[in-house]
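Contents: one structure, followed by commentary.
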Amino acid sequence: MDADLDTLLIALYVELDDRIIPASRPRRARRGPGRPPLVTDAELCCLAVAQVLLRYNDEHHWLRAAPGRVGHLFPRLLSQSEYNERLKNAADLFEAALRWLAGRTPGSAEPLRLMDATPIGCGQSKTTAQRSDLFGYAGYGYESAHSRWYWGTKLLLITTPDGTVTGFSLANPKLAGEREQTRQTLTRQPINRPEPGSIIVTDKGLSGADVEEFLDDLDLTLVRPARRDEKTPRPFPNWLRQRIEAIIWTLKNQLGLEHHNARVPAGLWTRVLQRLLALNAVIWHNWTIDAPVKRSLIAYDH
Numbered sequence: 533m534d535a536d537l538d539t540l541l542i543a544l545y546v547e548l549d550d551r552i553i554p555a556s557r558p559r560r561a562r563r564g565p566g567r568p569p570l571v572t573d574a575e576l577c578c579l580a581v582a583q584v585l586l587r588y589n590d591e592h593h594w595l596r597a598a599p600g601r602v603g604h605l606f607p608r609l610l611s612q613s614e615y616n617e618r619l620k621n622a623a624d625l626f627e628a629a630l631r632w633l634a635g636r637t638p639g640s641a642e643p644l645r646l647m648d649a650t651p652i653g654c655g656q657s658k659t660t661a662q663r664s665d666l667f668g669y670a671g672y673g674y675e676s677a678h679s680r681w682y683w684g685t686k687l688l689l690i691t692t693p694d695g696t697v698t699g700f701s702l703a704n705p706k707l708a709g710e711r712e713q714t715r716q717t718l719t720r721q722p723i724n725r726p727e728p729g730s731i732i733v734t735d736k737g738l739s740g741a742d743v744e745e746f747l748d749d750l751d752l753t754l755v756r757p758a759r760r761d762e763k764t765p766r767p768f769p770n771w772l773r774q775r776i777e778a779i780i781w782t783l784k785n786q787l788g789l790e791h792h793n794a795r796v797p798a799g800l801w802t803r804v805l806q807r808l809l810a811l812n813a814v815i816w817h818n819w820t821i822d823a824p825v826k827r828s829l830i831a832y833d834h
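If you read the sequence shown in the numbering used here, its first letter stands for residue 533, the second for the next number, and so on.
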């Protein structure tokens, strides 16, 4: 499995250094005093992906293990404070990289998208909710799937059937419900919007004539299960719903999204992007080496 990880990291590094970084911010001469950083942005991004795939949720434990796990690929590592600070500043690079990889998987060309929202807990106590730096960005929400209240944010995902993430957003569940979050994600951030003519498969949370009219205006077709009070039958592909649920399960349980350990808004956003980038990197790599698609949702063993 380590050989597969080495191949993925090398391929990702080449894409980052040759295509993604020059496209997201054109190369220019470095200005200002001081030496250039020993660890480049491309190396930092690959180290962040390796941390997720090797299931190290804590940066301290990861930096202690990194020399033995990936030291043969990246002999120059950072201290914990430097690593944490550069991770917070790398959110734009992570987003550019995961969108670049998403655009180069065959699934992104298909006119079919899966959409669902899932809660991300940020605290367990009332004191945390009152004193946390995430106050205002996180709030109280209700998760009907598990019949529980939580304090955190809600992640909205738009993916292809093979699991590639093509759209995403975070919202305070107290300030924006699933419908409002969908509206904002598709209108304020057009890069998240599927191509006109696409079909979006989702759950009952987006039921309602106003939602379907909104999507019709964007030339998007909504496919959802029928509510109990609807007499007209609505054929629904349950197997596709299981796909998006498997993707969310992978992000939370295998890629550590449930244990992000973020304490500030910038850290939360970066750690979410870090997990999404790792997922897209695995799927993209499996396509490039012609591996079975089912491997796309399997994280690397610790």
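We put the CB at the ideal spot given by N, CA and C, even for glycine.
The three-state reading of DSSP puts residue 707 in coil, since its state is none of H, G, I, E or B. Contact between residue 705 and residue 686 holds, with the beta-carbon distance rounding to 5 Å and staying under 8 Å. A buried status is given to residue 584, since no fewer than 16 other beta-carbon atoms sit within 10 Å of its beta-carbon.
The secondary-structure analysis by DSSP pairs residue 733 across a beta bridge with 646 and 755.
For the pair of segments examined, the region 785 to 795 was found not to touch the region 608 to 628: the number of CB pairs separated by less than 8 Å stays below three.
Bounds of any beta strand (DSSP E) do not take in residue 600; it lies within the alpha helix (DSSP H) bounded by 591 to 602. Burial check for residue 762: the Cβ neighbour count within 10 Å stays below 16, so the residue is exposed. Residue pairing by DSSP places residue 581 opposite no residue, since no beta bridge is assigned to it.
Contact annotation: residue 647 and residue 732 have beta-carbon atoms nearer than 8 Å. For residue 651, the beta-bridge partners assigned by DSSP are 686.
Between the alpha carbons of residue 742 and residue 590 lies a distance of about 43 Å. Per DSSP, residue 790 is not a residue of any alpha helix (DSSP H), being assigned neither H nor E. Cβ neighbours of residue 798 within its own chain (closer than 6 Å, five residues either side excluded): 620. The three-state reading of DSSP puts residue 669 in coil, since its state is none of H, G, I, E or B. By the Cβ rule, the region 686 to 698 counts as touching the region 803 to 815, because three or more pairs are nearer than 8 Å. By the Cβ criterion, the region 625 to 640 is in contact with the region 540 to 552, since at least three pairs of Cβ atoms, one from each stretch, lie closer than 8 Å.
Cβ atoms of residue 673 and residue 651 come within 8 Å of each other, at about 6 Å. The C-alpha of residue 682 is placed about 21 Å away from the C-alpha of residue 779.
In this structure, the straight-line span from the alpha carbon of residue 603 to that of residue 772 is close to 40 Å. A direct Cα-to-Cα measurement between residue 635 and residue 739 gives close to 29 Å.
For residue 691, DSSP records a beta bridge to 646 and 697. Comparing alpha carbon positions, the residue from 581, 599 and 614 closest to residue 569 is 614. Taken through DSSP and simplified to helix, strand or coil, residue 551 comes out as helix.
Within a 10 Å sphere around the beta-carbon of residue 747 sit 16 or more other beta-carbons, which makes this residue buried. Residue nearest to residue 722 within the set 668, 594, 659 and 690 is 690 (criterion: CA-CA distance). Taking the Cα of residue 654 as reference, the smallest distance to any Cα among 645, 643 and 666 is reached at 666. The Cβ neighbour count for residue 658, taken over all protein chains shown within 10 Å, is under 16; the residue is labelled exposed. A residue is called buried once 16 or more other Cβ atoms fall within 10 Å of its Cβ, and residue 796, having fewer, is exposed. Under the criterion of beta carbons closer than 8 Å, residue 633 and residue 581 do not qualify as touching, at roughly 11 Å.
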